[in-house]
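Per our numbering, residue 11 is the first one in the sequence shown, and the count goes up by one each step. We put the beta carbon where it would ideally sit given N, CA and C, even for glycine. Read the structure below first, then the notes.
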Amino acid sequence: MDKGFVRLTYLRYADDWCLFLCGSKETAKEIKERISAFLESELKLELNESKTHITNLSDSPITFLGYEIEKIHCNDYLTTSAKGRVYRGRNGTITLKMPQEAVNKRISRITEHGKPAPRDDLLNMSVEGIVWTYASEINGVYNYYCLASNVSMRMNDYKRVHYASMLRTLAKKEKSSVRKVLSKYGKDLPRADGKGTHVVLCIMDEDKRIAWYPYEGFPRKRLTPRPKDVVIDEFSKGLKERLLSDRCEVCGSDGRTEVHHIRNLKQTWERYASRNPVPDWVVLMKRMNRKTLVLCHSCHNKLHANKLVIPSIHGEAPYAERCK
């Protein structure tokens, strides 16, 4: 708790940025003045004073990239430490929240006079297209705000109106009623907790579900850190990593590489499987389960001339390793 200690964190995405400061308000004002001077002298830009604020998170949250960032005050949540001391475990914790304005803004687009309304711009689409449009909209909102601590509450508020708007759109499309739409397309599925069932709107093609509205719920998702030491073999690498390595997957030579690409691995294997012997490059692609091969220019030319020999296919080490 040294008063002379200052912690500063800088966060930026495109042209939006914010600074988190553990220090005094005078220090925050000084930093703001220095940033303004730097932008004006070095970048010839002017700091927007109306949008740049100094805020204490204990008093009011800030909005950044659509999220609300605030400091929690919760006196009801008590935690016991290892030494047996009882304390308020959530007080002072920084959290992300989905703002109410984000829900209100989206609800206003699908309501009239405060009630869910059908969308005339979707009436020319098929029933499956209408359901997929609504499903993609609510999935997109949830995927963006899934890190918020209150995402379940906000998304359920949005879903009630959004779901009702979809039913009214389908009813208007088929010149029917909401009750008849639910009777026609509703399907009873068991609840996640195993207690009873609930009606889910699904478009079925015989026994196959081809379009449905999300029903799994909206739990908060937490970011897990990436493992530091991950061993990636040649078979599990993505195309991006293979291209960036600039290494031929046949002879092992480094340098400028090219990509040999086929349209369908299964069809290619069926076409060459009857040959004796099967070309080495087909066997290698089958082993790697990949439709691409990263090759040097020489190996690529040999492949198209049907002269490419891959030693590893015949139990030998690649040429580059045998020459070491």
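Cβ pair count under 8 Å reaching 3, the segment 100–117 against the segment 76–92 = Output reads yes: the segment 76–92 touches the segment 100–117.
Pick helix, strand or coil for Asp-290, following the three-state DSSP scheme.
-> Your numbering for residue 290 matches position 280 in the sequence shown. Reduced to three states, the DSSP call for Asp-290 is helix.
Please say whether Leu-211 and Gly-196 have beta carbons closer to each other than 8 Å?
-> Translated into the one-based positions of the sequence shown, residue 196 becomes position 186. Translated into the one-based positions of the sequence shown, residue 211 becomes position 201. For Gly-196 and Leu-211, yes; Cβs fall inside 8 Å.
Exposed unless 16 or more other CB atoms sit within 10 angstroms - verdict on Glu-259 | Translated into the one-based positions of the sequence shown, residue 259 becomes position 249. The residue is buried, with at least 16 neighbouring Cβ atoms inside 10 Å.
With Val-191 as the anchor, note down where its alpha helix (DSSP H) starts and where it stops.
-> Here residue 191 refers to the residue found at position 181 of the sequence shown. 188–195 is the span of the alpha helix (DSSP H), which, as asked, contains Val-191.
Whether His-172 touches Tyr-152 by CB criterion (8 Å) | The sequence position of residue 172 within the sequence shown is 162, counting from 1. The sequence position of residue 152 within the sequence shown is 142, counting from 1. Not a contact, by the Cβ cut-off of 8 Å.
Assuming Ile-213 and Val-137 make a contact with CB atoms under 8 Å, what is their CB distance in whole Å?
-> Within the sequence shown, residue 213 is the residue found at index 203, counting from 1. Within the sequence shown, residue 137 is the residue found at index 127, counting from 1. Rounded, the Cβ-Cβ distance is 6 Å, consistent with contact.
Of the residues Phe-30, Lys-54 and Lys-218, the one placed nearest Arg-22, counting alpha carbons only | The residue given as residue 22 occupies position 12 in the sequence shown. The shortest C-alpha to C-alpha distance from Arg-22 to any of Phe-30, Lys-54 and Lys-218 is the one to Phe-30.
N-terminal and C-terminal residue of the beta strand (DSSP E) that Val-319 is part of = For the purposes of this step, residue 319 is identified with residue 309 of the sequence shown, where counting begins at 1. Judged by DSSP secondary structure, Val-319 falls outside any beta strand (DSSP E); it is assigned neither H nor E.
With respect to 7 Å, is the separation between the Cβ of Lys-250 and the closest non-hydrogen atom of the ligand FMN below this value?
-> Ligands are entirely absent from the displayed structure, and the ligand FMN is therefore not among its contents.
With respect to the alpha helix (DSSP H) encompassing Asp-167, which residues constitute its N-terminal and C-terminal limits?
-> On the sequence shown, residue 167 is found 157 positions in, with the first residue counted as 1. Where Asp-167 is concerned, the enclosing alpha helix (DSSP H) stretches over 161–183.
For Val-304 versus Leu-253, is the C-beta spacing smaller than 8 Å?
-> Residue 304 sits at position 294 when you count from the first residue of the sequence shown. Residue 253 sits at position 243 when you count from the first residue of the sequence shown. Cβ distance < 8 Å, so Val-304 and Leu-253 count as in contact.
Going by beta carbon distance, what residues of the same chain come within less than 6 Å of Ile-320, once the five residues before and after it are set aside?
-> On the sequence shown, residue 320 is found 310 positions in, with the first residue counted as 1. The answer, listed in chain order, is Val-260, Asp-290 and Leu-294.
Can you pull the DSSP bridge partners for Lys-81?
-> The residue given as residue 81 occupies position 71 in the sequence shown. For Lys-81, DSSP records a beta bridge to Ile-104.
Alpha-carbon to alpha-carbon, Asp-26 and Pro-229 = The residue you call residue 229 lines up with position 219 of the sequence shown. The residue you call residue 26 lines up with position 16 of the sequence shown. Going from the Cα of Pro-229 to the Cα of Asp-26 covers about 28 Å.
Identify which residue in Arg-178, His-324 and His-310 has its Cα closest to the Cα of Ser-263.
-> The sequence position of residue 263 within the sequence shown is 253, counting from 1. That would be His-310, whose Cα lies nearest to the Cα of Ser-263.
8 Å CB neighbourhood of Leu-49 in its chain, flanking five on each side removed = Stepping through the sequence shown from its first residue, residue 49 is reached at position 39. Hits under 8 Å: Leu-55, Glu-56 and Leu-57.
Of all the alpha helix (DSSP H) runs that stay within the bounds of the segment 202–277, which reach a length of 4 or more residues?
-> Segments of the alpha helix (DSSP H) lying fully in the segment 202–277: 249–254.
Taking the C-alpha atoms as reference points, what is the distance between Cys-32 and Ala-47?
-> The residue given as residue 32 occupies position 22 in the sequence shown. The residue given as residue 47 occupies position 37 in the sequence shown. Approximately 22 Å, taken between the alpha carbons.
Leaving out five residues on either side along the sequence, give the residues of the same chain with a beta carbon under 7 Å from the beta carbon of Ile-117.
-> On the sequence shown, position 107 is the one that residue 117 refers to. Apart from sequence neighbours up to five positions away, the residues of its chain that approach Ile-117 with a beta-carbon distance below 7 Å are Tyr-168 and Val-171, ordered along the chain.
Is the Cβ of Glu-40 closer than 8 Å to any Cβ of chain D?
-> Absent here is chain D; the protein component of the structure consists of one chain.
Skipping 5 residues on each side, what residues in its chain have a beta carbon closer than 8 Å to that of Lys-39?
-> Translated into positions along the sequence shown, residue 39 becomes position 29. Cβ neighbours of Lys-39 beyond the five flanking positions: Ile-64.
Cut-off 6 Å between Cβ atoms - residues of its own chain near Arg-17, not counting five sequence neighbours on either side = Stepping through the sequence shown from its first residue, residue 17 is reached at position 7. Cβ neighbours of Arg-17 beyond the five flanking positions: Cys-32.
Rounded distance between the beta-carbons of Ser-60 and Pro-126, thought under 8 Å | Taking the sequence shown and counting its residues from 1, one reaches residue 126 at position 116. Taking the sequence shown and counting its residues from 1, one reaches residue 60 at position 50. Actually they do not touch by this definition, with Cβ atoms about 36 Å apart.
Same chain, Cβ closer than 8 Å to Leu-233, neighbours up to 5 away in sequence not counted | Residue mapping note: residue 233 aligns to position 223 of the sequence shown, counting from 1. Non-local beta-carbon contacts of Leu-233 in its own chain, meaning distances under 8 Å to residues more than five positions away in sequence, involve Leu-157 in chain order.
In DSSP terms, what Glu-50 is bridged to = Stepping through the sequence shown from its first residue, residue 50 is reached at position 40. When beta bridges are read from the DSSP output, Glu-50 appears opposite no residue.
Under the assumption that Thr-105 contacts Ile-72 (Cβ atoms under 8 Å), give the Cβ distance between them as a whole number of angstroms.
-> Locating residue 105 in the sequence shown gives position 95, counting from the first residue. Locating residue 72 in the sequence shown gives position 62, counting from the first residue. Their Cβ separation, rounded to whole angstroms, is 12 Å, which puts Thr-105 and Ile-72 out of contact at 8 Å.
Return the Cβ separation of Val-188 and Leu-177 in integer angstroms, given the expectation that the two are a contact with Cβ distance under 8 Å.
-> On the sequence shown, position 178 is the one that residue 188 refers to. On the sequence shown, position 167 is the one that residue 177 refers to. Sure, about 5 Å apart at Cβ, within 8 Å.
Leu-21 in three-state terms, based on DSSP | Here residue 21 corresponds to residue number 11 of the sequence shown, with the count starting at 1. Correct three-state label for Leu-21: strand.
Chain-order list of residues whose beta-carbon lies under 6 Å from that of Val-288 (same chain, five-residue window excluded) = Residue 288 sits at position 278 when you count from the first residue of the sequence shown. Cβ contact annotation for Val-288 (same chain, cutoff 6 Å, sequence separation greater than five): Tyr-282, in chain order.
Starting from the Cα of Asn-101, find the closest Cα among Glu-122, Leu-67 and Leu-249 and give me that residue.
-> What you label residue 101 is simply residue 91 of the sequence shown in a count that begins at 1. Distances from the alpha-carbon of Asn-101 to those of Glu-122, Leu-67 and Leu-249 put Leu-67 closest.
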